[in-house]
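Undergrad: Please read through the structure below; I'll follow up with questions.
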Amino acid sequence: MSNLSNINLKIWRQDGPDSQGRFETHQIPEISDEASFLEMLDILNERLIEEGKEAVVFDHDCREGICGTCSLMIDGQAHGPQRGTATCQLHMRQFDSGAEIVIEPWRASAFPIIKDLMVDRSPFDRIVEAGGYITAPTGGAPDANLIPIPKPVADASMDAAACIGCGACVAACPNGAASLFTGAKISHLNLLPQGQAERYKRTEAMVEEMDSHFGSCTNHGECEAACPKEISIDNIATMNADYARSKFKNRKALSR
Amino acid sequence: MAQTLSRGPVTGTALQANAAKRKPFLLDLYGTAVGKKYVMAITGLVGIGFVLSHMIGNLKAYLGVVTEGDERMYDIDVYGEFLRELLVPILPHGYTLWLLRLGLIGALVLHLHAAWSLTQLNRKARSVKYQSERDYQVANFASRSMRWTGLIVLTFIAWHLADLTWGWVNPDFVHGAVYRNLDASLSRVPVAILYIVANIALGIHLFHGTWSLFQSVGANNPRFNRWRKAAAAGVATVIVVGNVSFPIATLSGIIDFDPDAITCCVDQEGHSE
Amino acid sequence: MVNPSNKRKFKILVVGTGLAGASAAASFGELGYEVEAFTFHDSPRRAHSIAAQGGINAAKNYQGDGDSVHRLFYDTVKGGDFRAREANVHRLAEVSVKIIDQMVAQGVPFAREYGGLLANRSFGGAQVSRTFYARGQTGQQLLIGAYQQLARQIGLGNVKLWNRIELVDVVTVDDKCAGIVTRDLMNGEVQSHAGHAVVLATGGYGNAFYLSTNAMACNVTAAWRAHRRGAAFANPSYTQIHPTCIPQADDFQSKLTLMSESLRNDGRIWVPKDADETRPVAQIPEDERDYYLERIYPSFGNLAPRDVSSRAAKRAVDAGQGVGPLKNGVYLDFAESINRLGLDTIVERYSNLFEMYERITGEDPRESPMRIYPASHYTMGGLWVDYELQTTIPGLFCIGEANFSDHGANRLGASALMQGLSDGYFVLPYTIAPYLSDLLNKPIPETTHEAFVTAEKEARDRFQGYLDIGGTKGPDHFHRELGRIIWDYCGMDRSQIGLEKALAEIPALHAEFKKDLRVTGSGSSLNQTLEKAARVDDFFELGILMCQDALTREESCGGHFRSEHQTDDGEALRNDDDFAHVTAWEWSGNPSEPIEHREKLEYEVVHFATRSYK
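Protein chains in written order, with our numbering: chain A, 1 to 256; chain B, 1001 to 1273; chain C, 2001 to 2614.
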């Protein structure tokens, strides 16, 4: 345990969706390296409140890297410098004394800024609503062991399902594309035997919904590097393959 | 595209899309960014095929002169004539080449249109840019400069056609005399530099393009995935090395047109016989 | 019952979209009810159900180890220290098997064996392997499953979803629940919503302790506002302290992180025998280590139930044997398992947990043991509900962690997900019908009704009130102080003296809060400080009730341990003659003087036994 000193924060402040934003600088004279990044912002906010100023608004909740609520572009990287780590699990030991840390909200037209560092990510929900599910109304399910699923298939599906929907992929993508998010959801469901009945309908609907909000994938791979769950861009290839099939496949012969 | 922060409950979000009328399936596919990326990939693949065979064909410049009976000709000139004779007599002289050219033009136009519309889409997808500096992790120079290398290549194609197909910018141009035109053009130092620069740009474009097209068409298999980047680097290197060798060989005199070495087939006015 | 074509005539408001809320809203939508769902998150997928790591229990007996509905039922009643309602628990055990079927059909990628069948792991408090899991992210996968079903209903237009909206009051008309008042977090707008029935699925109140494994936004407001309008609050002192969390590192820590209990399958818990031990871990010889759980509870060993393990850890740390820089933890050591099974096997089982631990502490558990310590994690208490999950306000239902029903005084691991999904998918969609059927074709009060108008005004005044105090300290300061009092006096070890002290300190701090709170910003744009202030305000009143309940319950049972009531060797001493009941508290208007009601617990199948894991 040791302390960092003289951290300079450059934080984006914006009063509302249509307001003009600006960077504001704040000093953190001293902080323990055991503190998490968001705890540092908590400390700043408590100080701001005591000074009679408005606290910096930022999205966060579980603080254990699973709910996907937290965001933040830290020093030009989505979720900051540590790979495979959401902002809430980033700790100050990743920074040095005297560092200047620049904090910006996610930027994408589909993610308008609500206030300060908080953005609206609801287009992700629209994509799931379009088809990111398996239709299985409550009560009608057969026994869980009826369909054996090979372990590698279950594992691959789980790899994709680990997505926390934080939006870092969109934030990191130079094109503001949501292909990794959409691809991961499509892979999760399309890989499983249960997901086959709606496979092409799902892919078609989700890709087209995605298209109405986000940019296009040009295979930079930034999304994979920024993803706190390290979800592979292979899922994008899976989505692309299934999308083309959704246009060509004779859906009446799906079970053949 | 920008969302407004209207408040109120959300419901029925999938109904409209479900009821939407569909266009014919290819247009429907092309209607989305994923579909356009397929078009980018497939037309790009056509382009790679062309560039690769073009380069291989040009290597015949190094084979010098061939003798057929009493006639002596530059091998590459023979090859040029061969291309015009392709599929004769099924199709008349020159037709096949034109069909191939039309295919290439079509591919180029589609590639450009898709690239243009995707660029527009991507601009709109982030209408307000990051206000601080981005720190890219894996996006490389090739992937981030696709638009610029693409534009360089496009400009170069125009120059290249004007130079060695139509002869507009090649004062010594003789139609059909490939070897002679090559030498005449690339002996000019600025032109040689232009070719070198353009081909390096092409190589960078192809490096990302080749890798990227596997992703875009969903060719994804853990067994081969790690070869995708290597394959892309291989293709790009072969093409760049091959193509850049021509201006260098010309400047260093390895490619050097000698009218006395051949007996055929260009007359004084520059018409092929 | 309600006839299918009549269902659309009923409007159900579901507040909270975690496991219980999302599954209930989706099921209501499928059945044809008119549903409105409310979440204060940006998306239903953020709910804290997502953080459950270890798994979900079900009496499938896929391992052929003698599991059955009866055994799960019995284990749950016993695990709850005979303080749960027998009928509810049996229904939960019956439904458990359907949950797994349902979730698999929805595409939850549970762990599988190589043959393709579902894998199971064992969990604390059970001697069979009945826990289904998806790596260390079971809660996430189940919540996403339920969220996707809800998303489907939203897409189809059967459910209306309100996001970033928080319940601020429950409205009753003629002693029936008529609807709710909400506040839009984005613009502060206060609004009423009327419906035939209201379902609260708003989670637990573990954040009363300030430091807990709950998410930052978890709060008691919805349940507490319902309580203030007449819903009885049952067993608030039954809080669960989870034995395996990462110890606190410093004073400004904002929350604690849980390490799945499943780690106890392969980790051995120990402390140095010598309180003054200074050598590095690796140099402490075997015979100078105290594997205290294995020593005291040989038959369950490291898998002793949560309350038992937690108290044992506290005793070790209180005895000065704690480890780590602040001497506030115990070791959870994988060395033996790594030797036996190989590093790869252990890493495959727990990789994400190991990584999470390393990110937080900067230490690698493959090389040195983890340090763990108990932390507030789950609250068994909650709004009192009957067998049909209806609160004491007719028309107001409560499901998931927010109610008190199934876990008694202590919840077994991997049972929270089971209860949330059971309530949401398989219980409430049917048990709500009898109430609704009486309302068929009768008008219900609209939002213009006086009761709504009054409640809206009260809510607006309350929020403006926080802004107007103009004191000196932010809400976090008060929350931290409150949490310290509750943790010290109403945490793992409670005594009459301590509780009485807390009952004096909390109201005093609450008074200071009302005088010295400072909320900056305005009420008409997004203001997290203001949201927090309102939540902390409700935690104060709840804190008083928790201590009151703990003081009244003169016995030790499950998560409630009264130091006056223990055996000679420090085990909990239950008093079945006087306390085999649920305590349901009624709001009197004065937080310090709640009205006590008792529901006697009748056991027809299970016989009282001393819970022993030795």
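Just so it is clear, CB atoms sit at the ideal spot from N, CA and C, and this is done for glycine as well.
Per DSSP, which residues does residue 102(A) bridge with? Please list them.
TA: Working through the first sequence from its first residue, we reach residue 102(A) at position 102. DSSP output for residue 102(A) lists 10(A) as bridge partner(s).
Undergrad: Whole angstroms are fine: how far does the CA of residue 1170(B) sit from the CA of residue 1198(B)?
TA: Within the second sequence, residue 1198(B) is the residue found at index 198, counting from 1. Within the second sequence, residue 1170(B) is the residue found at index 170, counting from 1. C-alpha separation (whole angstroms): 18 Å.
Undergrad: Can you find a C-beta in chain A that's less than 8 Å from the C-beta of residue 2106(C)?
TA: Translated into positions along the third sequence, residue 2106(C) becomes position 106. It does; some Cβ of chain A falls within 8 Å.
Undergrad: Counting only beta-carbon atoms, is residue 2008(C) nearer than 8 Å to chain A?
TA: Translated into the one-based positions of the third sequence, residue 2008(C) becomes position 8. No, residue 2008(C) does not count as interfacial toward chain A.
Undergrad: Counting only Cβ pairs nearer than 7 Å, list the residues of chain B close to residue 76(A).
TA: Here residue 76(A) refers to the residue found at position 76 when the first sequence is read from its first residue. Near residue 76(A) (Cβ distances below 7 Å), the residues of chain B are 1132, 1133, 1134, 1135.
Undergrad: If you measure between the beta carbons of residue 2233(C) and residue 2384(C), is that distance less than 8 Å?
TA: Position 233 of the third sequence, counting from 1, holds the residue named residue 2233(C). Position 384 of the third sequence, counting from 1, holds the residue named residue 2384(C). Cβ atoms of residue 2233(C) and residue 2384(C): closer than 8 Å.
Undergrad: Can you pull the chain A neighbours of residue 2362(C), defined as C-beta to C-beta under 7 Å?
TA: As a working note, residue 2362(C) is residue 362 in the third sequence. The answer, in chain order, is 93.
Undergrad: Since residue 2281(C) contacts residue 2369(C) with CB under 8 Å, what's their CB separation in whole angstroms?
TA: On the third sequence, position 281 is the one that residue 2281(C) refers to. On the third sequence, position 369 is the one that residue 2369(C) refers to. So it is a contact: roughly 6 Å between Cβ atoms.
Undergrad: Who are the neighbours of residue 2477(C) on chain A, taking C-beta pairs under 8 Å?
TA: Taking the third sequence and counting its residues from 1, the one referred to as residue 2477(C) is at position 477. What residue 2477(C) touches in chain A: 46.
Undergrad: How many whole angstroms separate the CB atoms of residue 151(A) and residue 2113(C), which I take to be in contact at a CB cut-off of 8 Å?
TA: For the purposes of this step, residue 151(A) is identified with residue 151 of the first sequence, where counting begins at 1. For the purposes of this step, residue 2113(C) is identified with residue 113 of the third sequence, where counting begins at 1. Confirmed, about 7 Å.
Undergrad: Quick test of your reading: residue 230(A) and residue 84(A), contact by CB under 8 Å. State the CB separation rounded to the nearest angstrom.
TA: To locate residue 230(A), count along the first sequence from 1; it is residue 230. To locate residue 84(A), count along the first sequence from 1; it is residue 84. Yes, they are in contact, since the Cβ atoms of residue 230(A) and residue 84(A) sit about 5 Å apart, within 8 Å.
Undergrad: Examine chain B for any beta-carbon lying closer than 8 Å to the beta-carbon of residue 2(A), and answer yes or no.
TA: For the purposes of this step, residue 2(A) is taken as the residue at position 2 of the first sequence. No - not a single Cβ of chain B is within 8 Å of the one on residue 2(A).
Undergrad: Just by C-beta distance, which residues in the segment 2380-2399 of chain C are closer than 9 Å to chain B?
TA: Cβ contacts with chain B: none found.
Undergrad: Along chain A, in chain order, which residues have C-beta atoms closer than 8 Å to that of residue 1143(B)?
TA: Translated into the one-based positions of the second sequence, residue 1143(B) becomes position 143. Correct list: 218, 219, 220, 221.
Undergrad: Quick one, which of 169(A), 112(A), 193(A) has its alpha-carbon nearest residue 146(A)'s?
TA: Here residue 146(A) is taken as the residue at index 146 of the first sequence, counted from 1. For residue 146(A), the nearest C-alpha among the options comes from 193(A).
Undergrad: Is residue 1192(B) close to chain A? Criterion is C-beta to C-beta, closer than 8 Å.
TA: For the purposes of this step, residue 1192(B) is taken as residue 192 along the second sequence, with counting starting at 1. Taking Cβ atoms only, chain A never reaches closer than 8 Å to residue 1192(B), which makes this a no.
Undergrad: On a Cα-Cα basis, can you pick out the residue from 254(A), 139(A), 15(A), 29(A) that is closest to residue 119(A)?
TA: Indexing the first sequence from 1 puts residue 119(A) at position 119. The candidate whose alpha carbon is nearest that of residue 119(A) is 15(A).
Undergrad: Return the chain-ordered list of same chain residues with a C-beta closer than 7 Å to the C-beta of residue 2594(C), the five sequence neighbours on each side being excluded.
TA: Indexing the third sequence from 1 puts residue 2594(C) at position 594. The answer, listed in chain order, is 2545, 2548, 2585, 2586, 2587, 2588.
Undergrad: When you compare the CB of residue 247(A) with every CB in chain B, is at least one pair closer than 8 Å?
TA: Mapped onto the first sequence, residue 247(A) falls at position 247. At least one chain B Cβ lies under 8 Å of residue 247(A).
Undergrad: Short of 8 Å Cβ to Cβ, which residues in the segment 2323-2339 of chain C face chain A?
TA: The segment 2323-2339 of chain C vs chain A, Cβ under 8 Å: 2325.
Undergrad: Take residue 2614(C) as the anchor and find which of 2117(C), 2092(C), 2299(C), 2168(C) has the nearest alpha-carbon.
TA: Here the question's residue 2614(C) lines up with position 614 in the third sequence. It is 2299(C).
Undergrad: Checking the sheet assignment: what are the DSSP bridge partners for residue 2112(C)?
TA: Taking the third sequence and counting its residues from 1, one reaches residue 2112(C) at position 112. Paired residues: 2118(C).
Undergrad: Does the separation of the CB atoms of residue 70(A) and residue 2051(C) fall below 8 Å?
TA: For the purposes of this step, residue 70(A) is identified with residue 70 of the first sequence, where counting begins at 1. For the purposes of this step, residue 2051(C) is identified with residue 51 of the third sequence, where counting begins at 1. Result no, Cβ atoms of residue 70(A) and residue 2051(C) do not sit closer than 8 Å.
Undergrad: Could you tell me whether the segment 50-59 of chain A touches the segment 2252-2259 of chain C, where touching means 3 or more Cβ pairs closer than 8 Å?
TA: No: fewer than three Cβ pairs fall under 8 Å.
Undergrad: Could you spell out the range, first to last residue, of the alpha helix (DSSP H) harbouring residue 1190(B)?
TA: Here residue 1190(B) corresponds to residue number 190 of the second sequence, with the count starting at 1. Residues 1189-1216.
Undergrad: Using a Cβ-Cβ cutoff of less than 6 Å, which residues in the same chain neighbour residue 2123(C) once the five nearest sequence positions on both sides are dropped?
TA: Along the third sequence, one-based indexing puts residue 2123(C) at 123. Closer than 6 Å at Cβ, skipping near neighbours: 2131, 2413, 2414.
Undergrad: How would you label residue 1211(B), buried or exposed, when you count the other beta carbons within 10 angstroms and need 16 or more for buried?
TA: Working through the second sequence from its first residue, we reach residue 1211(B) at position 211. Burial call: buried.
Undergrad: So which of 2081(C), 2083(C), 2074(C) has the shortest CA-CA distance to residue 2094(C)?
TA: Residue mapping note: residue 2094(C) aligns to position 94 of the third sequence, counting from 1. Among 2081(C), 2083(C), 2074(C), the Cα nearest to that of residue 2094(C) belongs to 2074(C).
Undergrad: Got a sec? Which residues, its chain only, sit under 8 Å from residue 2471(C) by beta carbon, not counting five neighbours each side?
TA: Sequence index remark: in the third sequence, residue 2471(C) carries index 471 (1-based). Only 2515, 2516, 2517, 2518 meet the Cβ criterion.
Undergrad: Which of the three DSSP states is assigned to residue 124(A) in this structure?
TA: To locate residue 124(A), count along the first sequence from 1; it is residue 124. Three-state result, residue 124(A): helix.
Undergrad: Assign residue 2270(C) to one of two classes, buried (16 or more other C-beta atoms within 10 Å of its C-beta) or exposed (fewer than that).
TA: Start at 1 with the first residue of the third sequence, and residue 2270(C) comes out as number 270. Looking at its Cβ environment, which holds 16 or more other Cβ atoms inside 10 Å, residue 2270(C) is buried.
Undergrad: Quick one: residues in its chain with C-beta nearer than 7 Å to the C-beta of residue 40(A), no 5 flanking neighbours on either side, listed in chain order?
TA: Position 40 of the first sequence, counted from the first residue, corresponds to residue 40(A). Within the same chain, residue 40(A) has close Cβ partners 28, 31, 92.
Undergrad: Please work out which residues of its chain come closer than 7 Å, Cβ to Cβ, to residue 2141(C), disregarding the five sequence neighbours upstream and downstream, and give them in chain order.
TA: What you label residue 2141(C) is simply residue 141 of the third sequence in a count that begins at 1. For residue 2141(C), where only same-chain residues beyond five positions count, the Cβ hits under 7 Å are 2108, 2109, 2134.
Undergrad: Would you kindly report the start and end of the unbroken alpha helix (DSSP H) that includes residue 2420(C)?
TA: Taking the third sequence and counting its residues from 1, the one referred to as residue 2420(C) is at position 420. Residues 2416-2421.
Undergrad: Identify every residue that forms a DSSP beta bridge with residue 28(A).
TA: Translated into positions along the first sequence, residue 28(A) becomes position 28. According to DSSP, which records beta bridges pairwise, residue 28(A) is partnered with 7(A).
Undergrad: Could you spell out where the alpha helix (DSSP H) holding residue 2090(C) opens and where it closes?
TA: Against the third sequence, residue 2090(C) aligns to sequence position 90. Residues 2086-2105.
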